[in-house]
Amino acid sequence: MKPDQMQMRFSSVGITLLVVSLAAGLALMAAIGNTGPWPLVAGALVGLYFLYAIRVADQWEKVAVLRFGKFTGLRGPGLFHVVPIVDRLSRYVDQRVRVSNVSAESTLTRDTVPVNVDAIVFWLVWNPEKTILEVQDFTQAITLSAQTALRESIGRHELHQMVAERELLGHELQRILDEKTNPWGITVQSVEIRDVQIPPALQDAMSRQAQAERERQARIILGQAETEIADKFEKASLVYAKNPTALHLRAMNMLYEAIKERGSMVIVPSSAVETMGLGGTLATASLAGAKTE
Numbered sequence: 006m007k008p009d010q011m012q013m014r015f016s017s018v019g020i021t022l023l024v025v026s027l028a029a030g031l032a033l034m035a036a037i038g039n040t041g042p043w044p045l046v047a048g049a050l051v052g053l054y055f056l057y058a059i060r061v062a063d064q065w066e067k068v069a070v071l072r073f074g075k076f077t078g079l080r081g082p083g084l085f086h087v088v089p090i091v092d093r094l095s096r097y098v099d100q101r102v103r104v105s106n107v108s109a110e111s112t113l114t115r116d117t118v119p120v121n122v123d124a125i126v127f128w129l130v131w132n133p134e135k136t137i138l139e140v141q142d143f144t145q146a147i148t149l150s151a152q153t154a155l156r157e158s159i160g161r162h163e164l165h166q167m168v169a170e171r172e173l174l175g176h177e178l179q180r181i182l183d184e185k186t187n188p189w190g191i192t193v194q195s196v197e198i199r200d201v202q203i204p205p206a207l208q209d210a211m212s213r214q215a216q217a218e219r220e221r222q223a224r225i226i227l228g229q230a231e232t233e234i235a236d237k238f239e240k241a242s243l244v245y246a247k248n249p250t251a252l253h254l255r256a257m258n259m260l261y262e263a264i265k266e267r268g269s270m271v272i273v274p275s276s277a278v279e280t281m282g283l284g285g286t287l288a289t290a291s292l293a294g295a296k297t298e
C-alpha cells in the first residue's frame, strides 16, 4: 500500500460504536412510533463517523496524520481519533527489528571468480517521522541498497577473504548501509553472510588443490623425518667408530632380534660381516643353533 493512501484499519471500538448507534436508532424508532426512518439514518451516520474516526495502533506501531495533506503529528500506540475526510493516515510503521533477505547472483570477486552470496540484514525504524515523510517505500529501499552494497563489497574482496572472513564482510556491509539509511530514520543493526556458493567446476579444482597441498606437506614432513634419522645415524656412527666393542654388541643384538624366531633365515652382506666383525658372531650363533636342534 502506498503511503499516500488511507489505510482502512477499522478498530473494534469503532465497529462497536457503529452497531450501538444503529441499535439506538432502531430503539428510538420503536419508542416514538411511526415517524419515518430518520432515527435509523441518524444512528447510521453517527456510527459511520465513529467507525472512520476511531483508530488503533499496536504497541510497536506509529502512524502519521496528514490534515489536508500537511503533516500534523504521529499517533500510536493505542486508541486515537482522526477527522474523517479531513485527515488521512500514512502507512503504519512497524518499529520492531525486521529482517530482509538479500542475494547477489553471479557477481565477480576481485580475483574474477563468479559467486552467489546470500545475506540477512537486521534493521529497525528509529525515527518514524523521517521514514514516512522522506522515503516512499523504505522496505524496498533497504532491500535494494543492501543488494547494491553487497555486490560492491564482493567486487572489492577476493574469494578466500569472502569464505574465511564472513564476519568482517558483514561488519563492512553494516557500516555502509547504516551510513546510507540513518538519514531516513532507519538503522541497520547487523548484516550476516549466510552462504557463499561457487561454481561446481571451481569447487572441484579447489578440492584437488587442497589435496595436492596436503600431499606436499606430508612429503615435506617425511623428508624432515628422514633427515633427522640420518643425522642420528651419523652421530651413532661416530660413537661406534670410537668404540668397536659397542658396535659388536649392537651387531649381536641385531642378530639376536633377527634369529630369535625359530626357522628364520638372515641374509647379511659380506661387507657388513667384515665391518662389524660378525664372522665370529655368526659362527657362534650357528653352532648354538645346531646344538639346540
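Going left to right, the sequence shown walks through residues 6 to 298 as the working numbering numbers them.
Here a beta-carbon is modelled for each residue, glycine too, at the ideal position from N, C-alpha and C.
Work out the CA separation of residue j and residue i for me, nearest whole Å.
i: D99; j: R213; result: 50 Å
i: G175; j: G190; result: 21 Å
i: V126; j: T232; result: 55 Å
i: E66; j: R156; result: 33 Å
i: N106; j: L71; result: 32 Å
i: D63; j: A206; result: 52 Å
i: E163; j: R101; result: 35 Å
i: S111; j: R96; result: 36 Å
i: A49; j: T21; result: 12 Å
i: P188; j: A217; result: 52 Å
i: N132; j: P204; result: 42 Å
i: L149; j: V201; result: 19 Å
i: F55; j: F85; result: 11 Å
i: R161; j: L178; result: 12 Å
i: I159; j: T114; result: 5 Å
i: S108; j: D236; result: 58 Å
i: V51; j: Q141; result: 35 Å
i: N248; j: R219; result: 44 Å
i: F238; j: A256; result: 15 Å
i: K240; j: A169; result: 46 Å
i: Q229; j: L254; result: 30 Å
i: N334; j: A215; result: Here the chain has residues from 6 to 298 only, and residue 334 is not among them.
i: V244; j: I234; result: 15 Å
i: Q222; j: A246; result: 36 Å
i: S242; j: T250; result: 13 Å
i: A225; j: H165; result: Reading the sequence as shown, one finds Ile at residue 225 and not Ala. So the two alpha carbons sit approximately 25 Å from each other.
i: K75; j: V120; result: 48 Å
Just to confirm the assignment, what range does the alpha helix (DSSP H) spanning residue i have?
i: E170; result: That residue, E170, is in no alpha helix (DSSP H); it is neither H nor E in DSSP.
i: T153; result: F143 to R161
i: P119; result: Not the alpha helix (DSSP H): P119 falls in the beta strand (DSSP E), residues P119 to V130.
i: P133; result: P133 to E139
Among the candidates the options, whose CA atom is the shortest distance from the CA of residue i?
i: V68; options: H165, S195, A49 and V130; result: V130
i: I181; options: Q229, D200 and T153; result: T153
i: M167; options: N258, T117 and T250; result: T117
i: V196; options: A217, I147 and T250; result: I147
i: K185; options: E239, T77, F73 and A151; result: A151
i: L138; options: L94, L84 and N121; result: L94
i: E2; options: P119, A124, T114 and I90; result: Here the chain comprises residues numbered 6 to 298, so residue 2 is not present and cannot be evaluated.
i: V193; options: A223, T144, I159 and R224; result: T144
i: E134; options: L84, T77 and A109; result: T77
i: R60; options: V51, P82 and K75; result: P82
i: D183; options: I159, W128, L79 and I234; result: W128
i: L79; options: V244, T136 and L53; result: T136
Between which two residues does the beta strand (DSSP E) carrying residue i extend?
i: G78; result: K75 to R80
i: V68; result: E66 to R72
i: V61; result: I59 to A62
Compute the beta-carbon to beta-carbon distance between residue i and residue j, rounded to the nearest angstrom, for a pair I have assumed lies under 8 Å.
i: A58; j: V88; result: 7 Å
i: V122; j: I198; result: 7 Å
For the region 190-250, which segments carrying the beta strand (DSSP E) assignment without a break, of at least 3 residues, lie completely within its bounds, in sequence order?
Considered as a whole, the region 190-250 harbours 191-202 as its complete beta strand (DSSP E) runs of no fewer than 3 residues, in chain order.
Extract the residue ranges of the beta strand (DSSP E) inside the region 91-121, only unbroken runs of 3 or more that lie entirely within it.
Runs found: 92-94 and 103-113.
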